[in-house]
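The structure appears below as C-alpha cells.
Numbering (the working numbering), first residue to last: 3 to 214.
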C-alpha cells in the first residue's frame, strides 16, 4: 500500500518511473513542497485589491500637501494671500491721518470766519458789554462820593482780561455849583480809584471804563 502511494507521488510530479534515477521520490517531494503557499508580505501577495498600499497613500498625501501649499499659502498679510479688495492697516491709518488733517484745516478756517456772540451783564449799579468779535469790553456804573477830601475804589463787575484802557467820570449836577474836585487816581484790570480832593457836597457820579 505504501509503495503504491510513493509511486503515485513520483508519477504525479515526474510523469514516469525511471529505474536509473534513485532521486525521483526526493525530486517529487521537493516539487510538491514548492507548490505549497508561503506567507505573503504585501496586499498583492494575498490578492487583496480593495486597499491602498503605503506607496499609494504617501503619493496622495504628497499631492494634497502640494495643493494646499499652492492654493492656501502660509502668509501674514493681505498681499501674501493675494487679497486685493481690502485696505491694509497702514493704508487705513493714513486715511485717518489725512482726514484729521483736512478736518483741522477746515476747522481753523471756519473759526477764523466765525462771529462770536456778544455777551453782557446788566445790574442796578454797574453793567458790562463784551464785543465777541474784537474782545473789547465796556463797563459803566454809578457811585456817590462824600464831600471833602475822600477816596473811593470801585471794583469792575468783570475784570479786563488784558488791560483797562480808559476811565471817564461824569458829575451829576443835581444842585448848584458843587465845587468838588474829583478825578481818577489810578486803575488796573480789576477796578478804579476815584479821588475827591476838595468840595463840600455829597455828589453822585457815573463812570465808564473801556478795555479788553
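All C-beta atoms in this analysis are idealised placements derived from N, C-alpha and C, irrespective of residue type, glycine included.
Own chain, CB closer than 7 Å to residue i, minus 5 neighbours either side, in chain order
| i | result |
| --- | --- |
| residue 162 | 139, 191, 213, 214 |
Three-state secondary structure (DSSP) of residue i
| i | result |
| --- | --- |
| residue 66 | helix |
| residue 142 | strand |
| residue 113 | helix |
| residue 121 | strand |
| residue 101 | helix |
| residue 203 | coil |
| residue 86 | coil |
| residue 44 | coil |
| residue 183 | coil |
| residue 30 | helix |
| residue 156 | strand |
| residue 14 | helix |
| residue 81 | helix |
| residue 22 | coil |
Strand pairing of residue i, partner residues [DSSP]
| i | result |
| --- | --- |
| residue 170 | 210 |
| residue 149 | The partner list for residue 149 (beta bridge, DSSP) is empty, contrary to what the question assumes. |
| residue 188 | 195 |
| residue 35 | The partner list for residue 35 (beta bridge, DSSP) is empty, contrary to what the question assumes. |
| residue 131 | 122, 140 |
The ligand FMN heavy atom lying under 8 Å from the CB of residue i
| i | result |
| --- | --- |
| residue 149 | By its list of ligands, the structure shown contains no ligand whatsoever, and the ligand FMN lies outside what it can speak to. |
Span separating the alpha-carbon of residue i from that of residue j
| i | j | result |
| --- | --- | --- |
| residue 151 | residue 165 | 29 Å |
| residue 20 | residue 29 | 12 Å |
| residue 14 | residue 57 | 42 Å |
| residue 25 | residue 50 | 39 Å |
| residue 174 | residue 147 | 11 Å |
| residue 64 | residue 83 | 22 Å |
| residue 66 | residue 59 | 11 Å |
| residue 95 | residue 87 | 17 Å |
| residue 118 | residue 132 | 10 Å |
| residue 211 | residue 100 | 48 Å |
| residue 217 | residue 53 | With the chain represented from 3 up to 214, any question about residue 217 goes unanswered, as that position is not in the structure. |
| residue 61 | residue 44 | 18 Å |
| residue 102 | residue 71 | 42 Å |
| residue 141 | residue 97 | 50 Å |
| residue 112 | residue 189 | 37 Å |
Contact set for residue i: own chain, Cβ-Cβ below 6 Å, skip 5 residues either direction
| i | result |
| --- | --- |
| residue 171 | 207, 209 |
| residue 156 | 145, 193, 194 |
| residue 153 | 197 |
| residue 187 | 195, 197 |
Close Cβ partners of residue i (< 8 Å) along its chain, the five nearest in sequence each way excluded
| i | result |
| --- | --- |
| residue 127 | 143, 144, 145 |
| residue 185 | 171, 196, 197, 199 |
| residue 123 | 129, 130, 159, 160 |
Nearest-angstrom Cβ-Cβ length linking residue i and residue j, presumed shorter than 8 Å
| i | j | result |
| --- | --- | --- |
| residue 195 | residue 182 | The Cβ separation is near 16 Å, so there is no contact. |
| residue 121 | residue 134 | 7 Å |
C-beta neighbour in chain B for residue i, strict 9 Å
| i | result |
| --- | --- |
| residue 52 | This model lacks chain B altogether, as it is built from one protein chain only. |
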